């Protein structure tokens with residue numbers, strides 16, 4: 009990265025990569041303080057929505073030096089979009105972070121229409137935003153993380169062979185649940201912040217039911233924001249209600265599942281949710 013940005017994101021490299029599916033991504037790699045893979049390899053924590061999240065999450069790499077509550081060493085890999093596509097990350101994430109076949113909730117469409125009426129997005133932007141949801145490919149993006157990107161991180165940064173984590177927020181949290189229900193043992197722990205289960209007929213409920221009584225061994229940590237629950241926006245009320253329903257359906261089954269309540273709004277809760285995941289799933 010340039011000298012200007014190194015002061016804000018120390019020990020962070022940036023590169024761009026094309027997936028086997030033909031999509032381009034921007035990748036920020038933040039290594040632990042004093043990282044020497046020849047002496048001790050660190051596992052990887054993948055953070056979604058890199059264009060938005062990297063500035064709020066990568067600096068928390070210093071928690072590995074916190075004498076009061078140290079976090080296990082990890083290499084953070086934040087994944088977002090590059091070039092002109094970076095300007096449209098809010099739209100493109102609908103394609104990558106939403107499970108295939110996920111229904112679009114009326115409350116979500118209403119929220120987008122509110123944005124048009126308020127002037128925060130144009131009609132053209134709103135139509136393009138919703139169009140990505142109609143052909144969502146969370147499966148392809150998961151394959152990119154595990155099959156395309158991870159081998160490069162292993163090679164270039166000497167990552168440990170196991171112990172990897174994943175954190176996503178909002179639709180990234182929905183993707184985290186999808187990965188937890190889908191991807192076997194690649195991730196040792198997964199954080200799902202305010203997961204975007206906006207529709208009661210979400211794919212995650214069908215996948216959970218299909219699993220029967222046995223849950224993945226991967227640790228799962230789910231967070232909510234109190235302002236989502238207590239506020240008056242239907243889209244966030246649905247999100248928190250459906251996420252709570254998902255958690256309630258896990259209580260009678262085996263598995264390593266934890267949860268926490270953040271005192272934030274949906275927009276401001278990302279950093280607190282990520283820190284909660286680190287403290288719960290990756291503490292020393």
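In this note's numbering, the protein residues as written are 9 to 292. We treat Cβ as the ideally placed atom computed from N, Cα and C, and that holds for glycine. Bear in mind the structure is a predicted one, so any value in this text is a computation, not a measurement.
Taking the DSSP output, what are the residues bridged to residue i?
i           : result
residue 36  : 22, 86
residue 233 : 270
residue 175 : 55, 199
residue 79  : 291
residue 228 : 198, 265
Compare the C-alpha of residue i against each of the options and name the closest.
i           : options           : result
residue 43  : 156, 167, 57, 196 : 167
residue 170 : 268, 82, 38       : 82
residue 17  : 45, 225, 280, 65  : 65
residue 5   : 39, 238, 178, 142 : This structure gives no information on residue 5, because the portion of the chain shown stretches from 9 to 292.
residue 243 : 118, 49, 92       : 118
residue 217 : 25, 227, 189      : 189
residue 99  : 265, 271, 137     : 137
residue 37  : 48, 45, 19, 152   : 19
residue 214 : 154, 107, 45      : 107
residue 241 : 59, 48, 120, 282  : 120
residue 257 : 24, 222, 39, 281  : 222
residue 112 : 281, 246, 282     : 246
residue 46  : 96, 165, 67, 268  : 165
residue 94  : 272, 59, 21       : 59
residue 292 : 80, 159, 22       : 80
residue 78  : 41, 182, 268      : 41
Quick one, are the C-beta atoms of residue i and residue j less than 9 Å apart?
i           : j           : result
residue 52  : residue 161 : yes
residue 277 : residue 201 : yes
residue 101 : residue 34  : no
residue 134 : residue 123 : yes
residue 104 : residue 31  : yes
residue 224 : residue 259 : no
residue 290 : residue 173 : yes
residue 226 : residue 196 : yes
residue 132 : residue 91  : no
residue 39  : residue 48  : no
With 16 other CB atoms within 10 Å as the buried threshold, where does residue i fall?
i           : result
residue 254 : buried
residue 114 : exposed
residue 274 : buried
residue 109 : exposed
residue 29  : exposed
residue 184 : buried
residue 76  : exposed
residue 57  : buried
residue 187 : buried
residue 163 : exposed
residue 26  : exposed
residue 236 : buried
residue 264 : exposed
residue 61  : buried
residue 238 : exposed
residue 152 : buried
residue 141 : buried
residue 157 : buried
residue 272 : buried
residue 150 : buried
Does any C-beta atom of chain B lie closer than 9 Å to the C-beta of residue i?
i           : result
residue 167 : Reference to chain B is not applicable here, since this structure consists of a single protein chain.
Exercise for the section: For the segment 63–79 and the segment 279–289, state whether three or more C-beta atom pairs, one from each stretch, are separated by less than 8 Å. Expected result: Contact between the segment 63–79 and the segment 279–289 is present: 3 or more CB-CB pairs across the two stretches fall below 8 Å.
Handout entry: Touching by the beta-carbon criterion (3+ pairs, under 8 Å), the segment 189–206 and the segment 241–259
Key = yes
Handout entry: Cβ contact (3+ pairs, closer than 8 Å) linking the segment 78–98 and the segment 207–219
Key = no
Exercise for the section: For the segment 186–201 and the segment 226–236, state whether three or more C-beta atom pairs, one from each stretch, are separated by less than 8 Å. Expected result: yes
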